[in-house]
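full-length UniProt numbering puts the sequence shown at residues 1 to 468. Every residue gets a Cβ at the ideal spot worked out from N, C-alpha and C, and that includes glycine. Every value quoted in this text rests on a predicted model; they were computed, and no experiment measured them. Below is one structure, written out as structure tokens, with a few remarks after it.
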Amino acid sequence: MAIPTLREGQAELPTEHPTQAFWHTEPNPILLGRKSELPATADVVIVGSGITGAFAAWHLKQHKEYSNKSVIMLEAREACWGATGRNGGHCQPNVYNPPSHIAKFELATFKFLHDAVSCFGIDCDWVTTEGVHSLMTDDLVDNAKAKMEKLKDHPELSSLARLVLSSEELEELGVPSAKAAIVQKNAAALWPYKLVAFFLEKLVEGHAEGSFSLQTNTPVLAIQRINGSASEDSWVLHTPRGQVATSKALLCCNGYISHILPEFTGLVVPVRGQMAGLTPPATLEKQIGHSYVFMGHGNTDIFRDDYLIQRGENSGPPRGMFLLGGGRGHDAEKGLGVSDDGVIDNGVAKYLRTELGRELDIGSKDELGAQYQWTGIMGYSRDGNPWVGPVPETLGGGPGLWVSGGYTGHGMPVGARCAQGAVDMMVGVEEGKARVEIPAEFLITEERLKAIARMDTVHEADKKGFFM
1 MAIPTLREGQ AELPTEHPTQ AFWHTEPNPI LLGRKSELPA TADVVIVGSG ITGAFAAWHL
61 KQHKEYSNKS VIMLEAREAC WGATGRNGGH CQPNVYNPPS HIAKFELATF KFLHDAVSCF
121 GIDCDWVTTE GVHSLMTDDL VDNAKAKMEK LKDHPELSSL ARLVLSSEEL EELGVPSAKA
181 AIVQKNAAAL WPYKLVAFFL EKLVEGHAEG SFSLQTNTPV LAIQRINGSA SEDSWVLHTP
241 RGQVATSKAL LCCNGYISHI LPEFTGLVVP VRGQMAGLTP PATLEKQIGH SYVFMGHGNT
301 DIFRDDYLIQ RGENSGPPRG MFLLGGGRGH DAEKGLGVSD DGVIDNGVAK YLRTELGREL
361 DIGSKDELGA QYQWTGIMGY SRDGNPWVGP VPETLGGGPG LWVSGGYTGH GMPVGARCAQ
421 GAVDMMVGVE EGKARVEIPA EFLITEERLK AIARMDTVHE ADKKGFFM
């Protein structure tokens with residue numbers, strides 16, 4: 001088939017020359033360059049090898065009826081070379097901000113990942129810590145007070161977060177310039193690529209090539225529906241290396257969804273984020289000890305939504321390195337609609353090197369040296385919620401096509417179990433027997449699409465601070 005011209009705002013293909021993330025400095029040799037002759041058919045095709053794709057494949061193979069069926073994973077670049085391999089290296093479920101059932105979903109995902117790391121002994125530098133949300137403006141503090149008051153109706157959640165207002169405790173937390181802070185008990189710093197690579201390695205080594213096949217450097221150019229019937233379609237995925245036909249396909253490509261399904265243009269928008277690996281000042285006497293989020297204007301007129309972890313003393317080198325992400329407001333286009341993570345924005349880079357000492361008490365306000373700088377592509381959903389489930393015809397789908405993505409920069413606390421839920425739906429687990437109950441807001445319904453049509457676009461909503 002002829003590859004159609006991209007619509008305005010539609011995601012492009014992932015660039016072949018991305019910036020190098022710190023997380024990719026130790027690539028898994030079993031996965032690197034992994035591919036074989038591309039099979040012409042498969043029982044299931046999964047597109048994307050990040051946290052969603054990896055856990056989707058893992059869960060799929062746990063279903064007895066799929067243990068020996070052929071599953072192909074198509075990845076545009078190297079395995080886990082997209083958003084999961086480029087993120088901030090933290091997993092922090094949000095207890096106080098979303099509706100209680102979504103907060104519980106995120107907490108359950110955090111526990112699921114924590115238990116998986118512990119059970120399998122995964123060497124991914126997982127460190128459980130507290131998460132500190134530093135609030136720099138009065139309106140954020142007022143909003144936090146209201147959220148925490150409402151949280152009292154859910155004691156199982158309210159016990160996991162506390163609002164800090166005293167200047168003494170803010171200073172102890174390292175954020176003396178903040179108006180207030182919320183401290184959450186459940187947060188983790190980790191090496192996300194190594195977590196995902198563990199499961200992908202188990203998949204490629206634990207199953208015969210005909211049962212599970214990872215095809216890296218094999219981008220999906222387009223998807224074609226053929227031989228449609230009332231119960232099941234066939235889908236042909238077109239790649240530069242040939243075509244693969246399947247009766248079931250699951251798209252786990254997050255910010256790039258609209259490249260394969262143009263109807264998602266505007267519903268999931270690619271957004272470029274940026275990270276820096278910074279050398280701590282010599283005056284820093286100890287580890288910062290928390291995972292941080294900094295929100296508000298602080299010392300600038302540009303709203304910030306930055307996030308920080310520090311490499312632990314017991315981690316591999318470089319020990320103690322700060323990993324700071326954010327600064328999107330300093331990008332002329334704010335990264336909106338950008339699919340290219342092969343470029344560093346100099347304004348954002350300068351901001352990340354210079355602002356940390358103003359956000360956090362690290363003993364110095366001088367510019368820090370950057371050992372690593374990279375970008376990655378997130379998928380911002382128009383209503384802020386992920387998209388999980390069967391793709392309707394109105395979005396270019398039909399029987400046999402599924403999606404899980406659009407995490408709006410918050411994929412680590414939801415992606416793994418969204419994948420599990422999508423797989424249970426895909427294989428036909430009876431209602432009430434699924435291992436995961438996906439929040440209703442994440443499901444793809446006509447009601448949701450009608451409601452979204454009345455909402456601001458991602459660009460309009462971002463101007464109003466909806467995504468901050």
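- DSSP, read as helix, strand or coil, puts residue 455 in coil.
- Here residue 371 is actually not in contact with residue 283; their C-beta atoms are around 18 Å apart, not less than 8 Å.
- Contact check for residue 10 against residue 258 passes: the beta carbons are separated by less than 8 Å.
- The stretch 104 to 123 and the stretch 357 to 366 do not touch, with fewer than 3 CB-CB distances between them shorter than 8 Å.
- Counting only the Cα atoms, residue 31 lies some 14 Å from residue 25.
- Straight-line spacing of the CA atoms in residue 211 and residue 50 works out to 20 Å.
- Only residues of its own chain outside the window of five on either side were considered, and among them 288, 360, 361 have a CB closer than 7 Å to the CB of residue 174, listed in chain order.
- In this structure, residue 69 places its C-beta atom within 8 Å of the C-beta atom of residue 44.
- Taking a 10 Å sphere around the C-beta of residue 86, we find 16 or more other C-beta atoms and assign the residue as buried.
- Bounds of the beta strand (DSSP E) holding residue 41 are 41 to 47.
- In this chain, the alpha helix (DSSP H) harbouring residue 199 covers 192 to 206.
- Setting aside the 5 residues that flank it on each side, residue 390 is surrounded in the same chain by 402, each with a C-beta closer than 6 Å to its C-beta; the list follows chain order.
- Assignment of alpha helix (DSSP H) within the stretch 82 to 126, counting only whole runs of 4 or more residues, yields 100 to 120 in chain order.
- Under the 10 Å beta carbon count, residue 248 is surrounded by 16 or more other beta carbons and is classified as buried.
- Residues 311, 371 of the same chain have their beta carbon placed closer than 7 Å to that of residue 318, with the five preceding and five following residues left out of the count.
- In the three-state reduction of the DSSP assignment, residue 174 falls in the coil class, being assigned neither a helical nor a strand state.
- If you compare the alpha carbons of 347, 323, 320 with that of residue 333, the shortest gap goes to 347.
- Here residue 54 is not bridged, per DSSP, to any residue.
- Ranking 417, 388, 165, 462 by CA distance to the CA of residue 441 puts 388 first.
- Under the three-state reduction of DSSP, residue 266 is assigned to coil, being neither helix nor strand.
- Just measuring C-alpha positions, the residue of 76, 57, 36, 67 sitting nearest residue 12 is 76.
- Exposure of residue 301 is indicated by the presence of fewer than 16 other C-beta atoms within 10 angstroms of its C-beta.
- Per DSSP, residue 136 lies in no alpha helix (DSSP H) segment and is marked neither H nor E.
- Going by beta carbons, residue 185 and residue 160 fall inside the 8 Å limit.
- Each residue's CA atom was taken as its position, placing residue 150 and residue 158 some 9 Å apart.
- Residue 225 is bridged by DSSP to 235.
- Here residue 410 is buried: its Cβ has 16 or more other Cβ atoms, across all protein chains shown, within 10 Å.
- For residue 354, the enclosing alpha helix (DSSP H) begins and ends at 346 to 354.
- Between residue 377 and residue 448, the gap from beta carbon to beta carbon reaches 8 Å or more.
- The shortest C-alpha to C-alpha distance from residue 323 to any of 192, 244, 342 is the one to 192.
- The three-state reading of DSSP puts residue 35 in coil, since its state is none of H, G, I, E or B.
- Note on geometry: alpha-carbon atoms of residue 109 and residue 306 lie some 22 Å from one another.
- Distance from residue 266 to residue 41 at the Cβ level is roughly 33 Å; contact not present, criterion being Cβ atoms closer than 8 Å.
- Secondary-structure assignment with DSSP links residue 248 through a beta bridge to 44.
- In the three-state scheme derived from DSSP, where H, G and I count as helix and E and B as strand, residue 243 is classed as strand.
- The beta carbon of residue 34 sits closer than 7 Å to the beta carbons of 79, 204, 214, 216 from its chain, once the five residues preceding and following it are set aside; these are given in chain order.
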